[in-house]
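Scroll down for the structure; my scribbles are underneath it.
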Amino acid sequence: MTDQAQTGEAAGYDGVPKHGSLDPSGPPTPTAPRSAGNNKLKMTGRQVNVFYGEKQALFDVDIDITEHEVTSLIGPSGCGKSTFLRCLNRMNDVVDICRVTGDITMDDQNIYDPKIDVVHLRARVGMVFQKPNPFPKSIYENVAYGPKIHGLVRNKGECDALVEGALRKAGLWDEVKDRMEEPGTGLSGGQQQRLCIARAIAVQPEVILMDEPCSALDPIATAKIEDLIHELRENYTIVIVTHSMQQAARVSQKTAFFHLGVLVEYGETETIFTNPRDEKTQGYITGRFG
Amino acid sequence: MSLAFAFALIVLIGAAFYLGQGRALRQRDVGGARMHSLPSYYGFYAAIWCALPAAALIALWAASQGAIVEALVLSGVEDEIRGLTENQIGLVMNDIRNLASGGITSSDPSPAIQAAAARYANLMATGKLAMFVVALALASAGLLFAFRRISPDLRARNRVERTLMIALMLSSTIAILVTVGIVFSLVFEAARFFARVPITEFVFGLKWSPQIAIRADQVGSSGAFGAIPVFAGTLLISFIAMCVAAPIGLFSAIYMAEYASRKFRAVVKPVLEILAGIPTVVYGFFAALTVAPTLRDMGATLGLDVASESALAAGVVMGIMIIPFVSSLSDDVINAVPQAMREGSFGLGATHSETVRKVVLPAALPGIVGAFLLAVSRAIGETMIVVMAAGLAANLTANPFAAVTTVTVQIVTLLTGDQEFDSPKTLAAFALGLLLFVVTLGLNVIALRVVRKYREQYD
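Heads up: the protein sequence lines correspond to chains H and W, in order.
Each residue of the first sequence is one higher than the one before, starting from 281 at the first, in this note's numbering.
Each residue of the second sequence is one higher than the one before, starting from 6 at the first, in this note's numbering.
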């Protein structure tokens with residue numbers, strides 16, 4: 281009885297319909313297409329430890345993120361999955377008391393190397409946040425913000441083309457093309473989140489990090505974002521943190537299960553959900569805890 | 006006597022509470038009734054019925070007793086005051102009052118006046134006693150009334166809460182009424198001024214020289230009441246003050262909110278806010294004794310003619326005074342910009358300064374404008390610094406090195422010392438005050454509007 285209640289809570293968190301699993305107490309069925317990629321490693325983490333002041337949040341995380349694949353990070357609240365995601369574009373630098381040790385590489389280059397400019401890194405590794413956070417500017421300005429600060433566009437025409445391209449890729453163009461000057465904050469939640477994805481795409485990143493991008497959205501908006509993730513995988517490497525195991529099963533090729541700051545198990549999504557090695561993974565995906 | 010009465014009234018109110026509560030408890034526990042409200046509400050209900058009518062009576066009695074007693078006393082001395090003007094009757098009444106309280110009188114009182122004084126004292130004492138008796142009787146009657154009404158059906162909670170709400174409403178009204186009273190006192194005095202000096206001359210006149218000739222043959226005291234030079238001085242000094250306070254305050258707010266480490270912030274923010282706690286008269290010393298001479302000497306070195314009471318000195322020091330306003334309010338609005346905005350910008354590879362310039366400041370702009378406007382209205386109304394550091398001569402000039410005067414300085418000089426309140430010179434102060442009030446009120450209204458609009462954006 282408690283098992284089921286917990287499953288319901290874990291799955292209902294994102295408000296995602298549970299069409300991935302027929303048996304509510306069983307694990308969701310992986311439905312994401314297999315990777316057609318080249319299996320080239322885009323980013324790697326080796327012995328990554330993260331400390332917030334005295335408290336250690338991540339313990340010796342080793343992970344390989346493959347190019348043109350979706351990697352999902354799952355686990356109960358406070359397990360360190362968001363912390364790890366924020367290491368990948370050094371977003372943790374913003375937090376004063378946060379300290380990261382170990383190696384994280386991108387294209388075989390250590391991103392914590394003092395020679396690396398964090399600003400360039402973040403232009404290559406875009407990020408979409410849990411809560412849609414469009415700037416209080418017009419829709420156009422929201423998308424044009426990144427290209428302008430990085431000097432990617434020389435004139436208005438180029439900028440217009442880039443904005444249109446990014447909005448098209450984010451599947452938002454048809455909905456907003458007639459109201460580009462209206463504030464981005466006036467869009468619906470799902471549209472705002474796609475605007476934030478367009479904003480990230482406009483900088484032409486190689487990797488896109490998504491921190492529970494659907495947790496503030498309704499099921500229909502969630503489905504749109506998930507379709508978008510499938511399309512974006514062609515051109516970008518995506519790492520997504522999600523509370524919903526169904527979502528992980530639907531969108532990702534690789535899944536990493538974190539628990540109490542430890543990467544418990546990492547592998548093909550299919551393997552994780554159908555034949556997990558670790559007891560804890562088994563427990564989590566069947567909703568026995570978490 | 007008064008103390009004993011107050012004590013008795015309080016005891017009665019307390020008793021009302023316990024009697025009311027006790028009756029409700031009895032009805033519930035002994036009679037087995039389902040009471041509408043909790044027993045304590047019946048207690049409060051009885052206490053309110055006991056206290057409010059008595060309080061209203063005391064207020065009314067205290068307000069009217071003096072006038073009634075005076076009328077009675079004066080009717081007894083009709084022979085003495087026959088043929089006197091209203092002002093003179095007022096003086097006679099003053100004598101009677103002073104005599105009754107054992108004070109000094111203007112001249113040797115006649116026997117009739119002495120008798121009137123005795124009667125006055127007697128009537129006042131009787132009136133006071135009567136008030137106590139009637140008030141206590143009314144309180145008891147209220148108590149009895151409420152006590153008898155207590156029954157399971159009485160909606161005591163609703164009544165008590167309604168009374169409380171009305172009390173809250175009255176409190177908030179008092180602040181408004183006082184403001185209205187101040188405005189009216191300004192308006193009436195200003196109207197008396199405008200009866201002597203045309204309003205157009207006051208608002209558009211270019212010359213300010215409020216000295217009026219006392220003797221007909223006096224020279225150089227024509228009396229000109231054009232407010233423009235005075236307001237120009239105020240605006241010049243406020244402008245200089247904002248030139249100092251706006252950048253320093255805003256930049257320090259940006260540093261505090263965006264860059265400073267937690268430790269630095271914890272130390273520096275309170276220190277900066279101490280600036281707001283320095284009495285303005287101390288800023289006045291600083292302006293008059295330190296800044297003004299320094300500026301004059303520096304000007305002399307550069308070949309500039311700087312007056313020792315220059316607008317610059319007063320403006321700069323006033324600017325220092327309002328830095329905490331600007332920085333503290335701006336700091337608050339910058340902090341109110343959600344962290345998600347900054348992270349969104351960082352996540353796109355923006356640097357910290359790009360984020361501040363292009364995301365944080367535009368988002369906080371309305372609030373910052375509001376902070377500036379509040380600071381400006383503070384600068385315009387500031388008095389002590391300019392009294393000490395700015396001049397008295399009403400020069401119509403935009404030269405910051407010249408001496409100018411301000412509205413507040415003029416009001417102070419017009420109203421300090423012994424004044425006759427029927428000359429345009431003195432009344433001009435009220436007209437200036439009214440105009441100043443209108444200007445700062447307008448600025449505050451705009452500022453609050455802007456700040457409110459800003460709030461809507463993130464709620």
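All C-beta atoms in this analysis are idealised placements derived from N, C-alpha and C, irrespective of residue type, glycine included.
- Item | First and last residue of the uninterrupted beta strand (DSSP E) at Gly-325(H) | 321-332
- Task: Could you please tell me which residues of the region 353-376 of chain W, in chain order, have their CB closer than 8 angstroms to any CB of chain H?
- Result: Leu-353, Gly-354, Ala-355, Thr-356, Glu-359, Lys-363, Val-364, Pro-367 and Ala-368
- Contiguous alpha helix (DSSP H) assignments of at least 4 residues, all confined to the region 75-157 of chain W: 83-86, 91-105 and 116-154
- Query: Does any C-beta atom of chain H lie closer than 8 angstroms to the C-beta of Phe-269(W)?
  - Reply: no
- Message: Mapping the DSSP letters down to three states, classify Asn-515(H) as helix, strand or coil.
- Response: coil
- Cβ of Ser-266(W) less than 8 angstroms from any chain H Cβ? yes
- Query: Would Ala-394(W) be called buried (16 or more neighbouring beta carbons within 10 Å of its own) or exposed?
  - Reply: buried
- Message: When you compare the region 113-130 of chain W with the region 77-86 of chain W, are there three or more beta-carbon pairs, one atom per stretch, that lie closer than 8 angstroms?
- Response: yes
- Task: Starting from the C-beta of Gly-324(W), find all residues in its chain whose C-beta is less than 6 angstroms away, skip the five residues before and the five after it, and write them out in chain order.
- Result: Ala-246, Val-249 and Ala-250
- From Asp-376(H) to Tyr-332(H), what does the alpha carbon distance come to, in whole angstroms? 9 angstroms
- Message: Residues in the same chain with beta-carbon distance under 7 angstroms from Thr-239(W), minus the five sequence neighbours each way, listed in chain order, please.
- Response: Ile-385, Thr-411 and Val-412
- Query: Going by C-alpha distance, which of Ile-429(H), Pro-499(H) and Val-483(H) is nearest Leu-447(H)?
  - Reply: Val-483(H)
- Item | Buried/exposed call for Gly-447(W), threshold 16 Cβ in 10 Å | exposed
- Task: Using DSSP bridges, identify the partner residues of Ile-488(H).
- Result: Gly-406(H) and Ile-518(H)
- Item | Meets three-Cβ-pair contact criterion under 8 angstroms: the region 404-422 of chain H and the region 488-496 of chain H | yes
- Item | Candidates Gly-147(W), Val-97(W) and Tyr-50(W): closest to Arg-160(W) by CA position | Tyr-50(W)
- Consult DSSP for Ala-52(W) and reduce its assignment to one of helix, strand or coil. helix
- Query: Whole-angstrom Cβ separation of Val-519(H) and Leu-368(H), contact assumed at under 8 angstroms?
  - Reply: 6 angstroms
- Message: I'd like to know if Asn-555(H) contacts chain C, where contact means its C-beta is closer than 8 angstroms to some C-beta of that chain.
- Response: Absent here is chain C; the protein component of the structure consists of chains H and W.
- Quick one: Cα of Leu-442(H) to Cα of Pro-367(W), how far? 24 angstroms
- Item | Stretch pair the region 332-350 of chain H + the region 8-26 of chain W: three plus CB contacts closer than 8 angstroms | no
- Quick one: is Asp-423(W) buried, meaning 16 or more other Cβ sit within 10 Å of its Cβ, or exposed? exposed
- Check the Cβ of Pro-356(H) against every Cβ in chain W and list those closer than 8 angstroms, keeping chain order. In chain order: nothing, as chain W lies at least about 23 angstroms away.
- Identity of the residue in Ala-376(W), Leu-370(W) and Gly-354(W) nearest Leu-432(H) by Cα: Gly-354(W)
- Decide if Thr-205(W) is buried, meaning its Cβ has at least 16 other Cβ atoms within 10 Å, or exposed. exposed
- Span of the alpha helix (DSSP H), counted from its first residue to its last, around Ser-350(W): 344-352
- For a contact meaning CB atoms closer than 7 angstroms, what does Phe-351(W) contact in chain H? Met-371, Val-374 and Arg-402
- Item | Continuous alpha helix (DSSP H) assignments of at least 4 residues falling wholly in the region 373-451 of chain H | 398-404, 419-429 and 436-449
- Message: By the 9 angstroms beta-carbon criterion, what residues does the region 424-448 of chain H contribute toward chain W?
- Response: Tyr-425, Gly-426, Lys-428, Ile-429 and His-430
- Query: Would Glu-438(H) be called buried (16 or more neighbouring beta carbons within 10 Å of its own) or exposed?
  - Reply: exposed
- Item | Simplified DSSP assignment, three categories, for Glu-314(W) | coil
- Message: Contact criterion: CB-CB distance below 8 angstroms. Does Ala-293(W) meet it with respect to chain H?
- Response: no
- Message: Taking 8 angstroms as the threshold (C-beta atoms), are Phe-152(W) and Arg-31(W) in contact?
- Response: no
- Residue range of the beta strand (DSSP E) that Gly-358(H) falls in? Careful: Gly-358(H) lies outside any beta strand (DSSP E) and carries neither H nor E.
- Classify Met-371(H) as buried or exposed, calling it buried when 16 or more other Cβ atoms lie within 10 Å of its own Cβ. buried
- Which residues mark the beginning and the end of the beta strand (DSSP E) in which Glu-548(H) is found? 542-548
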